[in-house]
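K.L.:
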Amino acid sequence: MPRIPKSTALTKRAPHAEALALQFGDAWAYAPAPETTPVTVKDRYDLFIGGKFVKPSSGKYFPSLNPASAKKLTEIARGSARDVDKAVVAARAAYAKTWSKIHPRERGKYLFRIARMIQERARELSILETMDGGKPIRESRDIDIPLVAAHFFYYAGWADKLDYAFPGKTPNPIGVAGQVIPWNFPLLMAAWKLAPALACGNTVVLKPAETTSVTAMHLAEIIREAGVPDGVVNIVTGPGDTGAALVNHPGIDKIAFTGSTEVGKHIAKTLAGTSKTLTLELGGKAANIIMEDAPLDQAVEGVINGIYFNQGHVCCAGSRLLVQESVYPKVLRKLTDRIETLRVGDPLDKNTDVGAINSKEQLGRIAELVDSGVAEGADLVQSNCRLPSKGYWFKPSFFTGVTASHRVAREEIFGPVLSVMTFRTPAEAIDRANNTCYGLSAGIWTDKGSKIFKMAGALRAGVIWANTFNKFDPTSPFGGYKESGFGREGGVQGLMPYLRV
Ligand code: NAP
Ligand code: MG
Numbered sequence: 051m052p053r054i055p056k057s058t059a060l061t062k063r064a065p066h067a068e069a070l071a072l073q074f075g076d077a078w079a080y081a082p083a084p085e086t087t088p089v090t091v092k093d094r095y096d097l098f099i100g101g102k103f104v105k106p107s108s109g110k111y112f113p114s115l116n117p118a119s120a121k122k123l124t125e126i127a128r129g130s131a132r133d134v135d136k137a138v139v140a141a142r143a144a145y146a147k148t149w150s151k152i153h154p155r156e157r158g159k160y161l162f163r164i165a166r167m168i169q170e171r172a173r174e175l176s177i178l179e180t181m182d183g184g185k186p187i188r189e190s191r192d193i194d195i196p197l198v199a200a201h202f203f204y205y206a207g208w209a210d211k212l213d214y215a216f217p218g219k220t221p222n223p224i225g226v227a228g229q230v231i232p233w234n235f236p237l238l239m240a241a242w243k244l245a246p247a248l249a250c251g252n253t254v255v256l257k258p259a260e261t262t263s264v265t266a267m268h269l270a271e272i273i274r275e276a277g278v279p280d281g282v283v284n285i286v287t288g289p290g291d292t293g294a295a296l297v298n299h300p301g302i303d304k305i306a307f308t309g310s311t312e313v314g315k316h317i318a319k320t321l322a323g324t325s326k327t328l329t330l331e332l333g334g335k336a337a338n339i340i341m342e343d344a345p346l347d348q349a350v351e352g353v354i355n356g357i358y359f360n361q362g363h364v365c366c367a368g369s370r371l372l373v374q375e376s377v378y379p380k381v382l383r384k385l386t387d388r389i390e391t392l393r394v395g396d397p398l399d400k401n402t403d404v405g406a407i408n409s410k411e412q413l414g415r416i417a418e419l420v421d422s423g424v425a426e427g428a429d430l431v432q433s434n435c436r437l438p439s440k441g442y443w444f445k446p447s448f449f450t451g452v453t454a455s456h457r458v459a460r461e462e463i464f465g466p467v468l469s470v471m472t473f474r475t476p477a478e479a480i481d482r483a484n485n486t487c488y489g490l491s492a493g494i495w496t497d498k499g500s501k502i503f504k505m506a507g508a509l510r511a512g513v514i515w516a517n518t519f520n521k522f523d524p525t526s527p528f529g530g531y532k533e534s535g536f537g538r539e540g541g542v543q544g545l546m547p548y549l550r551v
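Numbering-wise, the sequence shown is residues 51 to 551 according to my numbering.
1. Can the beta-carbon of D303 be found less than 9 Å from the beta-carbon of K326?
2. In chain order, what residues of the same chain have a beta carbon less than 6 Å from the beta carbon of A506, not counting five sequence neighbours either side?
3. So, at 6 Å on beta carbons, what are the nonlocal neighbours of V230 in its own chain, with the 5 sequence-adjacent residues on each side left out?
4. Per DSSP, which one or two residues make a beta bridge with Y95?
5. Please confirm whether S534 and T311 have their CB atoms less than 9 Å apart.
6. Spatial neighbours of S376 within its chain, please: C-beta separation below 8 Å, excluding the five flanking residues on both sides.
7. So for W495, helix, strand or coil by DSSP?
8. If you check the beta carbons only, do A241 and A206 fall under 9 Å apart?
9. When DSSP labels each residue in this structure, what does K326 get in the three-state scheme?
10. Could you tell me if S439 is buried or exposed, where buried requires 16 or more neighbouring beta carbons within 10 angstroms of its beta carbon?
11. Would you tell me roughly how many angstroms separate the C-alpha atoms of R142 and L330, rounded to the nearest one?
12. Name the DSSP beta bridge partners of N520, please?
13. From the DSSP secondary-structure annotation, give me the bridge partner or partners of M471.
14. Leaving out the 5 sequence neighbours to the left and right, which residues in its chain are closer than 8 Å to A276 when beta-carbon positions are compared?
15. Assuming A137 and V255 are in contact, meaning their beta carbons sit under 8 Å apart, how far apart are those beta carbons, in whole angstroms?
16. Residue ranges of each alpha helix (DSSP H) run of no fewer than 4 residues wholly in the segment 107–185, ordered along the chain?
17. In chain order, what are the residue ranges of uninterrupted alpha helix (DSSP H) at least 4 long that sit wholly in the segment 413–486?
18. What does the alpha-carbon distance come out to for the pair L382 and R132?
19. Can you find a heavy atom of the ligand NAP that lies under 8 Å from the Cβ of E418?
20. Can you give the Cα-Cα distance for K56 and F448, rounded to whole angstroms?
21. Nearest by alpha-carbon distance to V404: which of G423, T525, N360 is it?
22. Measuring only the C-alpha atoms, how far is T320 from G368?
23. Classify H153 as buried or exposed, calling it buried when 16 or more other Cβ atoms lie within 10 Å of its own Cβ.
24. Starting from N355 and walking both ways along the alpha helix (DSSP H), at which residues does that stretch end?
25. Considering only their Cβ atoms, is the gap separating V89 from E174 smaller than 9 Å?
26. Which of the three DSSP states, helix, strand or coil, is assigned to A261?
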């Protein structure tokens with residue numbers, strides 16, 4: 051069983067939430083509006099190697115759960131080092147025979163076709179993403195899947211224009227790319243990896259995360275139906291060992307990894323001294339900074355979007371809130387009221403704001419860190435929402451009274467838990483925001499354009515949002531500073547890791 055934080059017992063209903071409940075009664079309670087479009091989930095999913103769905107050489111499969119019910123959704127093939135080897139051989143052959151040889155315009159055509167087919171099957175993919183990963187349908191339907199299609203469209207456009215991306219230079223593909231991705235944006239991370247690699251003329255072996263492999267296998271179907279030559283894309287599912295086998299395979303020219311800083315560091319050590327090139331997209335502990343002149347309602351809504359939607363399962367989540375002292379009481383009150391109105395529950399319901407935690411293990415990690423916050427003396431505020439009796443859930447929560455040395459201020463929680471701190475001057479806000487080993491993203495809320503420019507220049511983070519948060523677009527590069535990794539995905543910059551220029 052996941053550990054339930056001892057801290058839960060300390061939760062008090064915030065006074066303003068009490069007043070709201072008295073005033074509005076159950077006005078917040080919409081009727082359920084669950085998604086009813088039927089989708090087909092297969093009983094089991096095989097590996098995708100050389101353009102065919104093949105059984106794993108070990109004959110073994112592992113269960114993939116629906117985290118909202120903790121029930122088995124399907125079975126996924128457990129790829130071994132032998133399967134990885136077959137996939138790399140298939141990718142190498144496809145690289146040499148077709149993909150690096152065909153006209154770049156043809157590569158573009160395949161990618162455009164994939165993008166259109168994703169759009170046609172968007173509803174199905176959104177539902178599958180939500181069933182397998184636990185994120186609210188609103189998120190997968192309105193954010194993940196449209197962005198997946200957008201990335202394929204965007205990089206399809208670059209396929210025959212690489213000479214314009216790097217004028218005066220000769221861009222060439224690298225060869226076979228090994229790509230390992232996490233569970234928080236399963237299909238979107240696959241798109242971020244596959245689209246630029248393929249546009250640049252590389253072939254690929256992709257390893258999805260263990261708990262969320264289903265949509266990658268449906269993408270494999272799309273890739274096959276689109277007529278992409280056999281072996282250009284290979285997908286080998288399995289646990290961390292399968293990822294390690296891919297990283298260590300001598301036939302790979304490039305590794306692209308998105309996941310935890312811990313595993314990223316391990317991969318960097320493994321690859322040191324080899325000819326493989328590496329890009330790492332790792333963890334984050336973003337600061338969301340509210341200045342006293344900010345539009346506060348809008349800012350609080352941005353904070354909510356930045357940490358609670360998608361259960362805080364976002365590498366660039368605004369998990370540290372820095373509020374200027376003069377507006378702290380107001381912001382705190384608004385935040386307390388707002389988390390009380392967040393709807394936690396059935397991810398397939400379009401009214402749901404906060405879905406299920408992706409796995410029992412992740413719930414355990416969140417609970418352990420929240421316990422540490424309470425033990426170290428921070429004050430926990432949690433929503434009074436009722437959690438479903440089955441599945442993996444965590445109440446929207448935040449800590450006040452947090453100091454920079456608390457674990458909840460330093461470590462990535464990767465759950466719907468915010469650490470609130472205050473500052474007096476812009477310089478102090480910048481110091482506090484930069485006081486982290488990470489540097490993936492940051493947010494600034496202010497009425498003054500000059501403050502935005504000044505602060506954005508001083509923040510050590512790859513992405514900085516101003517008066518908004520967690521907005522993505524395939525044309526803008528994404529990536530980290532410091533222990534959040536190196537290399538950029540998205541935009542023209544996202545082509546670089548897949549080319550020798
Ligand atoms: P993780 O444990 O590092 O796993 C990421 C992927 O690596 C999974 O496919 C995993 O397989 C695999 N893996 C595990 N051990 C491996 C090894 N020794 N060699 C090769 N592959 C290995 O991360 P996670 O918990 O799934 O994801 C959450 C983390 O990802 C967070 O830290 C988050 O910030 C980060 N993230 C970063 C970005 C970004 O763009 N910077 C985006 C999304 C997420 P299993 O699934 O079997 O464990
Ligand atoms: Mg699952």
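Even glycine gets a Cβ: it sits at the ideal position worked out from N, Cα and C.
P.N.:
With the structure as the only source:
1. In this structure, the beta-carbon distance from D303 to K326 falls below 9 Å.
2. Counting only Cβ-Cβ distances below 6 Å, and skipping sequence neighbours, we find I514.
3. If we look at V230 and ignore the five residues flanking it on each side, its Cβ neighbours are K257, G293, F307.
4. Paired residue(s): I126.
5. S534 is a Cβ neighbour of T311, given a cutoff of 9 Å.
6. Around S376: E342.
7. In the structure shown, W495 adopts extended strand secondary structure according to DSSP, grouped into three states.
8. Not in contact: A241 and A206 (Cβ atoms no closer than 9 Å).
9. For K326, the three-state secondary structure derived from DSSP is coil.
10. Exposed: under 16 other Cβ atoms inside 10 Å.
11. Linking R142 to L330 through their CA atoms gives a straight-line distance of about 23 Å.
12. DSSP lists no partner for N520.
13. By DSSP's assignment, M471 forms a beta bridge with L372.
14. Excluding sequence neighbours, A276 sits near Y160, R163, I164, M167.
15. Distance from A137 to V255 at the Cβ level is roughly 4 Å; contact confirmed, criterion being Cβ atoms closer than 8 Å.
16. 131–144, 154–170, 172–183, all fully within the segment 107–185.
17. Qualifying alpha helix (DSSP H) stretches, in chain order: 457–460, 476–484.
18. Cα to Cα, L382 sits roughly 55 Å from R132.
19. Flag unset: Cβ of E418 not near the ligand NAP.
20. The pLDDT assigned to K56 is 43, lower than 50, so where the model puts this residue is not dependable; a value taken from the coordinates is nonetheless given after this. Roughly 15 Å between the two C-alpha positions.
21. Looking only at G423, T525, N360, the smallest Cα-Cα distance to V404 is reached by N360.
22. Roughly 31 Å separates the two Cα atoms.
23. Exposed is the call here.
24. Counting along the chain, the unbroken alpha helix (DSSP H) around N355 starts and ends at 346–357.
25. Contact flag set, yes.
26. This sequence places Thr at residue 261; Ala is not what is there. Looking at T261 - three-state DSSP - the assignment turns out to be coil, as it is neither helix nor strand.
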